[in-house]
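Reviewing the structure listed below.
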Amino acid sequence: MDGIRHLKIVEFSKDRKQLADKMKTEEAKKIYGQRKMVVEPAIGNYKENLGFREFLTRGLKSVRNEFNLVCTAVNLRKIWIYSNKNKISGRKNSNKWNFSL
75 MDGIRHLKIV
85 EFSKDRKQLA
95 DKMKTEEAKK
105 IYGQRKMVVE
115 PAIGNYKENL
125 GFREFLTRGL
135 KSVRNEFNLV
145 CTAVNLRKIW
155 IYSNKNKISG
165 RKNSNKWNFS
175 L
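Just so we're aligned, residue 75 is where the sequence shown starts under the working numbering, counting upward by one.
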């Protein structure tokens with residue numbers, strides 16, 4: 075070594091710092107806090123209950139199609155459960171569905 079220190083700057087370090095600064099704001103904390111209630115439970119359900127832990131295809135388009143297929147299966151299951159509950163209880167079906175994508 076020549077005794078000179080070299081500082082290596084990571085390619086995205088500036089972007090990471092900007093994101094870290096943005097996440098310190100109250101608005102960002104509020105928005106990110108909602109993610110825990112909306113997104114994370116759905117993804118956790120796919121992973122734990124459905125066993126969907128990795129994609130079987132390669133490429134962004136194929137992965138999107140595969141994920142859409144999983145979401146479609148989950149939504150069809152919700153529709154099936156909801157319609158059967160209404161048949162058992164004698165309630166009329168409404169047009170209110172809770173879909174996830």
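No residue lacks a Cβ here, since even glycine has one placed at the ideal position from N, Cα and C.
Spatial distance of residue i from residue j (CA atoms)
i: residue 111; j: residue 103; result: 13 Å
i: residue 124; j: residue 76; result: 57 Å
i: residue 78; j: residue 84; result: 19 Å
i: residue 98; j: residue 82; result: 26 Å
DSSP three-state assignment for residue i, whether helix, strand or coil
i: residue 109; result: helix
i: residue 141; result: helix
i: residue 99; result: coil
i: residue 127; result: coil
i: residue 93; result: helix
i: residue 117; result: helix
i: residue 82; result: coil
i: residue 132; result: coil
Sub-8 Å separation of residue i and residue j beta-carbons
i: residue 114; j: residue 129; result: no
i: residue 137; j: residue 131; result: yes
Cβ neighbour criterion (16 or more within 10 Å) applied to residue i
i: residue 148; result: buried
Close Cβ partners of residue i (< 8 Å) along its chain, the five nearest in sequence each way excluded
i: residue 144; result: 120, 124, 126
Own chain partners of residue i with C-beta closer than 7 Å, once the 5 adjacent residues on each side are dropped
i: residue 96; result: 102
Any non-hydrogen atom of the ligand SAM closer than 7 Å to residue i Cβ
i: residue 97; result: With respect to the ligand SAM, the structure offers nothing, as it holds no ligand at all.
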